[in-house]
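In order, the protein sequences belong to chains A and B.
Mapping of the first sequence onto the numbering used here: position 265 corresponds to residue 265, and the numbering continues sequentially without gaps.
In the numbering used here, each residue's number is its place in the second sequence (first place is 1) plus 1000.
Taking it in order: structure first as structure tokens, then the write-up.
Protein chains: 2
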Amino acid sequence: MRATVIHAPYDIRVEEVPDPIIRQPTDVLVRVLRSCICGSDLWPYRGEVARKPEPGARIGHEFLGVVTDAGSEVTGFAAGDLVVAPFLWSDGVCDFCQEGLQTSCVRGGGWGSPEVDGGQGEAVRVPFADGTLVKLPAEAASDDRLLTALLSLSDVMGTGHHAAVGAGVRPGSTVAVVGDGAVGLCGVLAARRLGAERIIMLGRHRARTDIATSFGATDIVAERGDAAVAAVRELTGGQGAHAVIEAVGTEQSMTTALGIARAGGAIGYVGAPHGSGDGVNLRTMFDANIALRGGVAPVRAYIPELLPDVLDGTIDPSPVFDLTVGLDEVPGGYKAMNDRAALKVLIKP
Amino acid sequence: MRATVIHAPYDIRVEEVPDPIIRQPTDVLVRVLRSCICGSDLWPYRGEVARKPEPGARIGHEFLGVVTDAGSEVTGFAAGDLVVAPFLWSDGVCDFCQEGLQTSCVRGGGWGSPEVDGGQGEAVRVPFADGTLVKLPAEAASDDRLLTALLSLSDVMGTGHHAAVGAGVRPGSTVAVVGDGAVGLCGVLAARRLGAERIIMLGRHRARTDIATSFGATDIVAERGDAAVAAVRELTGGQGAHAVIEAVGTEQSMTTALGIARAGGAIGYVGAPHGSGDGVNLRTMFDANIALRGGVAPVRAYIPELLPDVLDGTIDPSPVFDLTVGLDEVPGGYKAMNDRAALKVLIKP
């Protein structure tokens, strides 16, 4: 089959790789219908990771597709099932999985790790399929818009929801969102869904802020840095936002998030820390009782909660995908996202 | 009257100062029956604060006593009332006070700040008395043990409770406590009160760990640093504690707290950051979804909740006071606490 591999920074290729096969009785094989490129895929693309990927490593961690084969111990899935995969696989039975923190599964792991396929390819072997995958209604396969919306459950919609939950969004909350990428935008959707009264989006790219507005943002702050902090404070009577969604993961974004958080509020952070400093100022947090809560999102736990709302159209994250490519065009998709010419790239293998 | 003043590091004196008078119609005057020395008083004592106190500054922020006079606009208190003061004064009417975050009161402040008496003296002018003070039953004045227990509501018991709440202690939780001072010990009491099943106290001083055990600690870990982390992990099947109370405020204590927190758990931190580094490792927190929640405790909000349990003996924090001095002996009290010869010094002016 063909799949995306990364050889070195800025060297993404689509190559012939071995077809996946059932290796464990708990595996299933999935033919990929939709995959996509994540903002975090740009870090290895740019070489911004501490441990460089092995040349030829597979990449991509968001996909949905159709089961083509199932191992003998798989009970929940059979060939023909339409399924979505969260961005990590997990056994479904350990203490953490049982508690809904599948990201800490003691036997889990990531797509594209050695011996495990990446999501940006024609097919994927899914370990611990019963613990990992979630079944989708078969009829969704014929609805192009819905299929794209459902793909967001693989990562960005669940991650935005995790940020909103971490930030403590509740009915009536004033929420501020730092980060105008797909996760930040999904954070707007999630905040609205949780009842936020006011949602302030920090962003200056019109195409993105237009999506934010359509998702429920009530105010757009185009300033950056200290000016953005001042603008949010101005909008909130000097107090700041009860709930801040931090969806970037740089020192600057965390500093901004802390600057616009209201005393007694919380920052829900899902931007993986990937800069030199983390921007956390414990003294500021201490004096104002600002909580910091978040991390790698256990999207597997959130799919059952969010799925009905995506199916019935209560939330429609599909607009975050603004460029669609075929598998052979994936390298161009990376370039488009890296150049910020595209917000999030959908892949139809 | 006589009151404690600080002139320079290690130069604490008890001196004649002006008698307090009603300055604002919202003030009351309190004759102090009990005060005490806080672990955080040792920072200016040692010169470990960024801004040195003015020579001759008043000190002390925990007290209870009897109202001797009340301003014309005070409605809740009259001469003769027995009252306890939280460690900050607050107006009781601003948004934050109404929400129970009196530590962020827009007009509030600290004892011993310019023009405001410290708690370690014979009397105190209390600003915004209706917002600040809490009335105690008159009969408590004749119960020496109870009066001492009630003084803990001024700071350490409410602060320990804040840490337990921040750490998310709930029925069945496994809790670990970093810090064997009065706040950490009150954190044990608070954790037990909130239903913790297992409470692991990190400490090596027998007098303190004995109090911890009497307060409800089920396990004592005498190791420090990496060995302490390993010991707590061993006690918790490798997973760590759901809820960690951090009651020190140094880089080392936060590093330990993070090392023993279970994935998906939380650190409730009330040790005011006062070292060079803060020990926060955002990457570790991110990967394991460990929340950081706490800060300066809004003890004013907690007094009404905790008071009944102190009055009926459900919790008795009085053992944290292990040395009692008169006002003239306060300098020796500081020395005893600084030398760790005393855990917490009670002052009977």
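Where a beta carbon is used, it is the ideal one built from N, C-alpha and C, also for glycine.
If glutamate 1122 of chain B and leucine 1327 of chain B are in contact, beta carbons under 8 angstroms, what's the gap, nearest whole angstrom?
Counting from one through the second sequence, the residue named residue 1122 of chain B turns up at place 122. Counting from one through the second sequence, the residue named residue 1327 of chain B turns up at place 327. Their Cβ separation, rounded to whole angstroms, is 7 angstroms, which keeps glutamate 1122 of chain B and leucine 1327 of chain B in contact under 8 angstroms.
Can you say whether glycine 268 of chain A is buried or exposed, counting buried as having 16 or more other CB atoms within 10 angstroms of its CB?
If you number the first sequence from 1, residue 268 of chain A lands on position 268. With 16 or more other Cβ atoms within 10 Å, it is buried.
So, valine 183 of chain A versus valine 156 of chain A, is the Cβ gap smaller than 8 angstroms?
If you number the first sequence from 1, residue 183 of chain A lands on position 183. If you number the first sequence from 1, residue 156 of chain A lands on position 156. Yes, these two residues count as a Cβ contact at 8 angstroms.
Which bits of chain A does serine 1104 of chain B rub up against, with CB to CB less than 8 angstroms?
Within the second sequence, the letter at position 104 stands for residue 1104 of chain B. Ala263, Gly264, Ala288, Asn289, listed in chain order.
Closest Cβ-Cβ distance between leucine 1101 of chain B and chain A: below 8 angstroms?
Position 101 of the second sequence, counted from the start, is the residue given in the question as residue 1101 of chain B. At least one chain A Cβ lies under 8 angstroms of leucine 1101 of chain B.
Using a Cβ-Cβ cutoff of less than 8 angstroms, which residues in the same chain neighbour valine 320 of chain A once the five nearest sequence positions on both sides are dropped?
Here residue 320 of chain A refers to the residue found at position 320 of the first sequence. For valine 320 of chain A, where only same-chain residues beyond five positions count, the Cβ hits under 8 angstroms are Ser152, Val156, Ala182, Leu185, Cys186, Ile211, Leu343, Lys344.
Per the DSSP calculation, alanine 1261 of chain B is bridged to which residue(s)?
Within the second sequence, the letter at position 261 stands for residue 1261 of chain B. DSSP lists B:Ala1241 as partners of alanine 1261 of chain B.
By the 10 Å Cβ neighbour count, where 16 or more other Cβ atoms means buried, how is serine 142 of chain A classified, buried or exposed?
Residue 142 of chain A sits at position 142 when you count from the first residue of the first sequence. It counts as exposed.
Taking aspartate 1278 of chain B as the query, report the chain A residues whose CB atoms sit under 7 angstroms from its CB, ordered along the chain.
The count along the second sequence starts at 1 and reaches residue 1278 of chain B at position 278. Going along chain A in sequence order, the residues near aspartate 1278 of chain B (Cβ under 7 angstroms) are Leu282.
Count the C-beta pairs between the segment 90 to 98 of chain A and the segment 1 to 9 of chain A that are closer than 8 angstroms, then say yes if the count reaches three, no if not.
Result no; under three Cβ-Cβ pairs closer than 8 angstroms.
If we define contact as Cβ-Cβ less than 8 angstroms, is proline 1171 of chain B a contact residue for chain A?
Here residue 1171 of chain B refers to the residue found at position 171 of the second sequence. Output row for proline 1171 of chain B: interface = no.
Give the residues of chain A in contact with valine 1296 of chain B, contact being defined as C-beta atoms less than 7 angstroms apart.
Here residue 1296 of chain B refers to the residue found at position 296 of the second sequence. Under the 7 angstroms cutoff, chain A gives Phe286, Asp287, Asn289.
Tell me, to the nearest whole angstrom, how far the beta carbon of leucine 1292 of chain B is from that of alanine 291 of chain A; I am working on the premise that it is less than 8 angstroms.
Translated into the one-based positions of the second sequence, residue 1292 of chain B becomes position 292. Translated into the one-based positions of the first sequence, residue 291 of chain A becomes position 291. Leucine 1292 of chain B to alanine 291 of chain A, Cβ: 7 angstroms. Contact.
Compare the C-beta of leucine 1292 of chain B with all C-beta atoms of chain A and state if any pair is closer than 8 angstroms.
As a working note, residue 1292 of chain B is residue 292 in the second sequence. Yes, its Cβ sits closer than 8 angstroms to a Cβ of chain A.
By Cβ distance, which residues of its chain are closer than 7 angstroms to cysteine 1094 of chain B, with the 5 residues on each side in sequence left out?
For the purposes of this step, residue 1094 of chain B is taken as the residue at position 94 of the second sequence. Taken in chain order, the residues that qualify are Cys1105, Val1106, Arg1107.
Give a yes or no on whether the minimum CB-CB distance between phenylalanine 77 of chain A and chain B is below 8 angstroms.
Start at 1 with the first residue of the first sequence, and residue 77 of chain A comes out as number 77. No, phenylalanine 77 of chain A does not count as interfacial toward chain B.
Tell me alanine 1288 of chain B's beta-bridge partners as DSSP assigns them.
Mapped onto the second sequence, residue 1288 of chain B falls at position 288. According to DSSP, which records beta bridges pairwise, alanine 1288 of chain B is partnered with nothing at all.
Exposed or buried, which one is aspartate 1278 of chain B when buried takes at least 16 other CB atoms within 10 Å?
Here residue 1278 of chain B corresponds to residue number 278 of the second sequence, with the count starting at 1. By the neighbour-count rule (16 or more Cβ atoms within 10 Å), aspartate 1278 of chain B is buried.
Given this structure, state the Cα-to-Cα distance separating isoleucine 1303 of chain B from leucine 235 of chain A, to the nearest angstrom.
Taking the first residue of the second sequence as 1, we reach residue 1303 of chain B at position 303. Taking the first residue of the first sequence as 1, we reach residue 235 of chain A at position 235. So the two alpha carbons sit approximately 34 angstroms from each other.
Closer than 8 angstroms, CB to CB, is phenylalanine 1096 of chain B near chain A or not?
By one-based count along the second sequence, residue 1096 of chain B stands at place 96. So yes, phenylalanine 1096 of chain B belongs to the interface.
Figure out for me which residue from A:Thr250, A:Phe286, A:His274 has the closest Cα to the Cα of alanine 261 of chain A.
Counting from one through the first sequence, the residue named residue 261 of chain A turns up at place 261. For alanine 261 of chain A, the nearest C-alpha among the options comes from A:Phe286.
Compute the Euclidean distance between the alpha carbons of arginine 198 of chain A and serine 154 of chain A, then round it to the nearest angstrom.
As a first step, residue 198 of chain A is located in the first sequence; it is residue number 198 there, counting from the start. As a first step, residue 154 of chain A is located in the first sequence; it is residue number 154 there, counting from the start. About 27 angstroms.
Suppose contacts are defined by Cβ-Cβ distances below 8 angstroms. Is leucine 1088 of chain B in contact with threonine 1068 of chain B by that definition?
Position 88 of the second sequence holds residue 1088 of chain B. Position 68 of the second sequence holds residue 1068 of chain B. Going by C-beta atoms, leucine 1088 of chain B is not nearer than 8 angstroms to threonine 1068 of chain B.
Please confirm if proline 273 of chain A has its CB atom under 8 angstroms from at least one CB of chain B.
Against the first sequence, residue 273 of chain A aligns to sequence position 273. At least one chain B Cβ lies under 8 angstroms of proline 273 of chain A.
Taking the alpha-carbon positions, what's the leucine 1307 of chain B to valine 1280 of chain B distance?
One-based indexing of the second sequence puts residue 1307 of chain B at position 307. One-based indexing of the second sequence puts residue 1280 of chain B at position 280. Each residue's alpha carbon lies about 34 angstroms from the other.
Where do the N-terminal and C-terminal ends of the alpha helix (DSSP H) with threonine 1174 of chain B fall, by residue?
Residue mapping note: residue 1174 of chain B aligns to position 174 of the second sequence, counting from 1. Unbroken run through threonine 1174 of chain B is the beta strand (DSSP E), 1174 to 1178; no alpha helix (DSSP H).
Does histidine 1205 of chain B pass the burial test, meaning 16 or more other C-beta atoms within 10 Å, or should it be called exposed?
Indexing the second sequence from 1 puts residue 1205 of chain B at position 205. Exposed, by the Cβ-count rule.
Per DSSP, what kind of secondary structure is alanine 1363 of chain B in: helix, strand or coil?
Residue 1363 of chain B is absent from the model: chain B starts at 1001 and stops at 1349.
Do you know how far the Cα of glutamate 329 of chain A is from the Cα of glycine 65 of chain A?
Translated into positions along the first sequence, residue 65 of chain A becomes position 65. Translated into positions along the first sequence, residue 329 of chain A becomes position 329. So the two alpha carbons sit approximately 19 angstroms from each other.
Could you check whether asparagine 338 of chain A and glycine 1295 of chain B sit closer than 8 angstroms to each other, using their CB atoms as the reference points?
Indexing the second sequence from 1 puts residue 1295 of chain B at position 295. Indexing the first sequence from 1 puts residue 338 of chain A at position 338. Result no, Cβ atoms of glycine 1295 of chain B and asparagine 338 of chain A do not sit closer than 8 angstroms.
Let me confirm a value: proline 55 of chain A is counted as buried when at least 16 other C-beta atoms fall within 10 Å, else exposed. Which label applies?
The residue you call residue 55 of chain A lines up with position 55 of the first sequence. It is exposed - the Cβ of proline 55 of chain A has fewer than 16 other Cβ atoms within 10 Å.
Are the beta-carbon atoms of isoleucine 315 of chain A and leucine 147 of chain A separated by less than 8 angstroms?
Here residue 315 of chain A refers to the residue found at position 315 when the first sequence is read from its first residue. Here residue 147 of chain A refers to the residue found at position 147 when the first sequence is read from its first residue. Not closer than 8 angstroms, so no.
Answer yes or no: do glutamate 1062 of chain B and cysteine 1036 of chain B have a C-beta to C-beta separation smaller than 8 angstroms?
One-based indexing of the second sequence puts residue 1062 of chain B at position 62. One-based indexing of the second sequence puts residue 1036 of chain B at position 36. Cβ atoms of glutamate 1062 of chain B and cysteine 1036 of chain B: closer than 8 angstroms.
Can you check DSSP and say which residues form a bridge with phenylalanine 1063 of chain B?
Here residue 1063 of chain B refers to the residue found at position 63 of the second sequence. Per DSSP, B:Ser1035, B:Ala1085.
At the level of alpha carbons, what is the spacing between glycine 1060 of chain B and glutamate 223 of chain A?
As a position in the second sequence, residue 1060 of chain B is number 60, starting the count at 1. As a position in the first sequence, residue 223 of chain A is number 223, starting the count at 1. Each residue's alpha carbon lies about 44 angstroms from the other.
Is threonine 1213 of chain B helix, strand or coil by DSSP?
For the purposes of this step, residue 1213 of chain B is taken as residue 213 along the second sequence, with counting starting at 1. DSSP places threonine 1213 of chain B in helix when its eight states are reduced to three.
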